[in-house]
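Below: the structure, in structure tokens.
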Amino acid sequence: MMDSPELLFAVEVAVGGLLSGVMYALVAIGFVLIYKTSGVLNFAQGAMVLFAALTFVSLVERQVPFWAAIAVTLVIMAGLGFAIERTVLRPLSNRSPMTLFMATLGLSYVIEGAAQLIWGTQVHRLDLGVSNAPFEVGGIFISTFDLVAAAIAAAMVSVLTLFFRYTRTGLSFRAVADDTFAAIAVGLRLGRIQGTVWTAAGVVALVAGLLWGARLGVQFSLSLVVLKALPVLVLGGFDSIVGAIVAGLVIGATEKLAEVYLGPFVGGGIESWFAYAVALVVLLVRPSGLFGKKLVERY
Amino acid sequence: MSLSADVPVAPPRVNLRALGLLALLAVAVLVVPVIASPYVIEAILLPFLALSLAGLGLNLLTGYGGQVSLGSAAFMAVGAFAAYNFQLRLGVSLPLAIVLAAATAAAIGVVFGLPSLRLRGFYLAVSTLAAQFFVQWALTKFSWFSNDSASGVVAAPRLTVASLDLDAPQGRYLFALTLVVGITFLVHRIVGSRAGVNLIAVRDDETAAKVIGVPVLRTKLVAFAISSAIIGVAGVIWAYAYLRTVEPAGFNLDRSFQVLFIIIIGGLATIRGAFLGAALIVVFPLLLARTSSFAFEGLVDAGVLKLVERVVLGLVIILFLIAEPNGLSAILGRATARLRAVLRRG
């Protein structure tokens, strides 16, 4: 049974899908971080991915060493995070979540435009030194790059989980997420915490930007990965890192399988909307996603 | 979303507002076609009218109904392609094609509005993206919709109503204006009607609305239907009168955002907001291009200008949300109130 080539092919497609699902989850985690602590669906996450990758690759092209470029980009992302907190979030505190969402929509236009004004619009090649050569495991071909990406994602999730669970800052993040007013009342500095969260989201954006950029080239379309991450978010629940990972895997695998087995019947190219359809179907049964906090009140 | 709605409460004694609107309408019908150059009509007035109408439709759903939609452009596309195909395949007249296109957009709007019965807030906003991507995919993938044209771009049929030829810029302008004015009046009536009040009640507190007997499910679906129908007609104007081609490419996600930006800038839950916002969105890039070619004499290339436009637009959105969440409509309201006070004193 295991030897039948059709089944082997299906498994290969599914594994490829799972691995690309990890890439989706990578972007989605950036959203989750910000949503958990400030209740904002940050549409600008995709723009931040573009900005981080573009900054990094432009520095490398100007002969800045790899790790120095990473460090500089991190500092810039931190600056961006705190600037956003100061200029956008603070004036809008206590406004409805939808207002904040629309503000991040505007923010994504600003960051996308500014990134390309600063670094130019040409496509940059990004080589991380990871080979894309497939290797064989039990008759299935797996891309090395995908595996490395999955490992990096796994490492990042572990670090984030440990950070949230065991550090003081992580604890204050959770306090703010739980009850903002109580957090302020016990003396937590909301501005600093939110600035830090946006910085963390910037770090995640850099990691996502490097991996996606290595695959697609660093260019404007990188910011469109946000559209791949949104159904993952909806499916996993906006406030769950675990949800983002599981949903990323589910969507990655079903999307690839559907493209191979369903696509030919409808003319192909269904990956632009299929993930949304999967997410919607699941949502009709579980309106807060697979792992999302159940909400009783409405926005 | 806590927004004040401009539900007409009682008619004022001297209806200055109605008089002003009539005067504006008279200028738009009688003066503008005579003095406006074809450039002004084609580059400013036609996109302005189409986008105003789209904004009006979205405002019904988002401003009055509190359901954010990121799929407006999809319904514009549905309207445009439906009108084209009804004319092509059934040979119906243009007015009938527009009615059928509105009905088609409404039907598809209801389908994509179904998740709203279960989903709230961001979950719903993201699910409207499904409409955006699915419709664009279907229209690009199945060449039947564009009559198997190789490029996927088809010329819109000549604009004729009865024996009236409206293909000249003035004719297209009057065609668009008639539709926009008629539908605006309808929306005005809807907003003040029981259905409109129900919609606002559902937006402000769904549970309370249910308790006092508002049919929540029906109200939501009706909002999706009417909103999509109006946006569909906006799509017909966009394709038939403005672009004069029917193609899926122009109805992309950026267009959906543009329509959303129009109502944020103009003012959520107001009728005039859609018009004010659309005016700003249409005129602003032209002004920017003019200013740059005047100040830098063409040293700034078009690509850079597009990016500057993007940055400034984003900043404008953030600025409005922070400083004037009720949009241009509220600014206009304050300005006229001040003017009235000055007139009364003087």
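If you read the protein sequences in the order shown, they are chains G and B. For the first sequence, the working numbering gives the first residue as 1, with consecutive numbering after it. For the second sequence, the working numbering gives the first residue as 1001, with consecutive numbering after it. Ideal Cβ placement from N, Cα and C applies to all residues, glycine included.
- Unbroken alpha helix (DSSP H) stretches of 4 residues or longer found wholly inside the stretch 1257-1325 of chain B: 1271-1296 and 1302-1323, given in chain order.
- Between residue 1235/B and residue 98/G, the alpha-carbon positions lie close to 26 Å from each other.
- Ranked by how close their Cα comes to the Cα of residue 1061/B, the residues 1322/B, 1329/B, 1310/B and 1219/B have 1219/B in first place.
- Residue 1262/B and residue 1041/B have their C-alpha atoms spaced approximately 20 Å apart.
- Residue 193/G is positioned such that its CB atom lies closer than 8 Å to that of residue 37/G.
- Less than 8 Å divides the Cβ of residue 1224/B from the Cβ of residue 1116/B.
- The continuous stretches of beta strand (DSSP E) do not include residue 12/G, which lies in the alpha helix (DSSP H) extending over residues 5-38.
- Within the model, the alpha-carbon separation for residue 1134/B versus residue 273/G is close to 5 Å.
- Residue range 1206-1211 is occupied by the alpha helix (DSSP H) that includes residue 1206/B.
- Residue 1096/B sits exposed, since fewer than 16 C-beta atoms from the chains shown fall within 10 Å of its C-beta.
- Around the C-beta of residue 281/G, fewer than 16 other C-beta atoms lie within 10 Å, and the residue is accordingly described as exposed.
- For the stretch 229-248 of chain G, the set of positions with a beta-carbon nearer than 8 Å to some beta-carbon of chain B reads 230, 231, 233, 234 and 238 in chain order.
- In this structure, the beta-carbon distance from residue 121/G to residue 220/G falls below 8 Å.
- Bridge partners of residue 218/G according to DSSP: 124/G.
- Between residue 270/G and chain B, the shortest Cβ-Cβ separation is below 8 Å.
- Annotation for residue 156/G: 26, 29, 204 and 207 place their beta carbon closer than 8 Å to its own, counting only its chain and skipping 5 residues before and after.
- Contact annotation: residue 31/G and residue 249/G have beta-carbon atoms that are not nearer than 8 Å.
- Within chain B, not a single residue places a beta-carbon under 7 Å from that of residue 252/G; the smallest gap is close to 17 Å.
- When C-alpha distances from residue 94/G are compared across 256/G, 181/G and 247/G, the shortest belongs to 181/G.
- Residue 188/G has a beta carbon lying at 8 Å or more from every beta carbon in chain B.
- Contacts between residue 264/G and chain B, judged by CB atoms closer than 8 Å, are missing: the closest CB pair is about 12 Å apart.
- Three or more beta-carbon pairs drawn from the stretch 1268-1278 of chain B and the stretch 1319-1329 of chain B are found closer than 8 Å, and the two stretches are therefore classed as touching.
- Using a C-beta cut-off of 8 Å, the stretch 1113-1130 of chain B makes no contact with the stretch 1075-1084 of chain B, since fewer than three inter-stretch Cβ pairs fall below that distance.
- Taking 8 Å as the CB threshold, residue 1137/B lines the interface with chain G.
- Take the alpha-carbon of residue 253/G and the one of residue 18/G: they are about 5 Å apart.
- In this structure, DSSP gives residue 1219/B a helical state, which the three-state scheme calls helix.
- In the three-state reduction of the DSSP assignment, residue 1155/B falls in the strand class.
- Looking at the DSSP output, residue 1164/B bridges to 1161/B.
- Between the C-alpha atoms of residue 251/G and residue 1125/B there is a straight-line separation of about 19 Å.
- Per the coordinates, the alpha-carbon of residue 226/G lies some 11 Å from the alpha-carbon of residue 23/G.
- In the structure shown, the three-state DSSP call for residue 1247/B is coil.
- Shown here for residue 125/G: same chain residues with a beta carbon closer than 7 Å to its own, the five before and five after excluded, namely 217 in chain order.
- Contact between the stretch 105-113 of chain G and the stretch 1301-1315 of chain B is present: three or more C-beta pairs spanning the two stretches fall below 8 Å.
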